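K.L.:
Before we start, here is the structure in question, set down as structure tokens.
In our numbering, the protein residues as written are 18 to 307.
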């Protein structure tokens, strides 16, 4: 088994990068990619542990893309509320200076967003300090998950799921969209750093199926190399259609667990959709990762 989409506590997962690798080894995986959100911080630790464990390691990242810029430029309509575009960069060998600067810029904008969420909480009478936020994050990259934890701790909601449905998901009072890179810029940065750009969980675009093939064709013409056809959140029929679409366009087909540890239960390393095992043939079919 393999897995091409996982997260550590360098972003919003619960395991350290080293512990993630040890868990993968225990589950019998022979290869794993670490693809934390908008950061490369966990890669060195994970790679060292993978070498020690005898697990093949793929250096990766998951980049938030400015979806509105694409939809406006390509005249793509049909987006549902809260649609997000995430791009996996798999096989990042040596990050270019431009890549490092872009990731640092995302980190700066992420902090601005977090402080804006904090300000909204205080405006709503949920008295919270930046120190509270830092304590909740335990030194990790701060995201909505940590604000959800704060809402639970303050007994404003019963659990994190309720925090998202009432306050943190799109359209709710504490939701602020993440900043992202332009798609073409992200593709260039991934390519010049030795990686391949893969569209992550296309269902998160919230785009009607009738419009999705046209968009994927546009993205392929602009440098997209692969599509994550199989994902735990998607229906099996949808995944099959994505795989057929990807193959018809000559894209690499990937699948991943999008594993986050115990913060997102129900996802298991090495499995994608409804217990579907992620086979090594996925990597075998991508020469650029071999």
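Note that beta-carbon positions come from the ideal geometry of N, C-alpha and C, so glycine has one too. Everything numeric in this text was worked out from a predicted model, so none of it was measured.
Quick one: complete beta strand (DSSP E) runs, 3+ long, within the segment 46-84?
P.N.:
For the segment 46-84, whole beta strand (DSSP E) runs of length 3 or above, ordered along the chain, are 48-51 and 73-82.
K.L.:
Helix, strand or coil, according to DSSP, for residue 232 in the structure here?
P.N.:
If DSSP states are grouped into helix, strand and coil, residue 232 belongs with the helices.
K.L.:
Please report the distance separating the alpha-carbon of residue 31 from that of residue 277.
P.N.:
Roughly 6 Å separates the two Cα atoms.
K.L.:
Using 8 Å for Cβ pairs, my map puts residue 201 next to residue 239. What's the rounded Cβ distance?
P.N.:
The pair is a contact, with the Cβ atoms about 6 Å apart (cut-off 8 Å).
K.L.:
Rounded to whole angstroms, what is the Cα-Cα separation between residue 76 and residue 197?
P.N.:
Between residue 76 and residue 197, the C-alpha separation is close to 20 Å.
K.L.:
Cα separation between residue 302 and residue 224?
P.N.:
So the two alpha carbons sit approximately 28 Å from each other.
K.L.:
Which same chain residues, not among the five before or five after residue 263, have their C-beta less than 6 Å away from its C-beta?
P.N.:
Excluding residues within five positions, the ones whose Cβ falls inside 6 Å are 244, 246 and 270.
K.L.:
According to DSSP, simplified to helix, strand and coil, what is residue 207?
P.N.:
Residue state, collapsed to three classes: helix.
K.L.:
Since residue 63 contacts residue 158 with CB under 8 Å, what's their CB separation in whole angstroms?
P.N.:
That belief does not hold up - the Cβ atoms of residue 63 and residue 158 are roughly 15 Å apart, past 8 Å.
K.L.:
Taking buried to mean at least 16 other C-beta atoms within 10 Å of its own C-beta, is residue 203 buried or exposed?
P.N.:
Buried is the call here.
K.L.:
Which residues bound the beta strand (DSSP E) around residue 302?
P.N.:
Looking at the DSSP string, residue 302 is not in any beta strand (DSSP E), and its letter there is neither H nor E.
K.L.:
Does the segment 120-139 come into contact with the segment 49-63, if we say contact requires no fewer than three beta-carbon pairs (one atom in each stretch) closer than 8 Å?
P.N.:
Result yes; three or more Cβ-Cβ pairs closer than 8 Å.
K.L.:
Specify, as a first and last residue, the run of the alpha helix (DSSP H) that residue 214 falls within.
P.N.:
Note, residue 214: premise wrong, no alpha helix (DSSP H); beta strand (DSSP E) at 213-216.
K.L.:
With three or more beta-carbon pairs closer than 8 Å as the criterion, would you say the segment 130-144 touches the segment 98-110?
P.N.:
Taking 8 Å as the limit for Cβ pairs, the verdict is that the segment 98-110 does not touch the segment 130-144.
K.L.:
Taking the continuous beta strand (DSSP E) assigned at residue 155, which residues delimit it?
P.N.:
From DSSP, residue 155 is part of no beta strand (DSSP E); its letter is neither H nor E.
K.L.:
Could you tell me how far apart the beta carbons of residue 272 and residue 21 are, in whole angstroms, since I believe they sit closer than 8 Å?
P.N.:
Indeed they touch by this definition, with Cβ atoms about 7 Å apart.
K.L.:
Would you kindly work out how many angstroms separate the C-alpha atoms of residue 214 and residue 105, rounded to a whole number?
P.N.:
Near 6 Å, if we compare the C-alpha coordinates of residue 105 and residue 214.
K.L.:
Going by beta carbon distance, what residues of the same chain come within less than 8 Å of residue 162, once the five residues before and after it are set aside?
P.N.:
Closer than 8 Å at Cβ, skipping near neighbours: 29, 177 and 280.
K.L.:
Report the option in 81, 192 and 67 whose CA atom is closest to the CA atom of residue 42.
P.N.:
Taking only the C-alpha atoms, the option nearest residue 42 is 67.
K.L.:
To which residues of the same chain is residue 253 closer than 7 Å at the C-beta, ignoring the five residues directly before and after it?
P.N.:
Cβ neighbours of residue 253 beyond the five flanking positions: 290 and 291.
K.L.:
Buried or exposed, going by whether 16 or more other CB atoms sit within 10 Å of the CB of residue 182?
P.N.:
Residue 182 comes out exposed.
K.L.:
Within its chain, find whatever has a CB closer than 6 Å to the CB of residue 36; leave out the 5 residues flanking it on each side and keep chain order.
P.N.:
Cβ neighbours of residue 36 beyond the five flanking positions: none.
K.L.:
Report the partner residues of residue 259 according to the DSSP bridge assignment.
P.N.:
Note: residue 259 sits in no beta bridge, so no partner.
K.L.:
Are residue 231 and residue 46 closer than 7 Å when you measure CB to CB?
P.N.:
Result no, Cβ atoms of residue 231 and residue 46 do not sit closer than 7 Å.
K.L.:
Starting from the C-beta of residue 209, find all residues in its chain whose C-beta is less than 8 Å away, skip the five residues before and the five after it, and write them out in chain order.
P.N.:
Within the same chain, residue 209 has close Cβ partners 113, 115 and 116.
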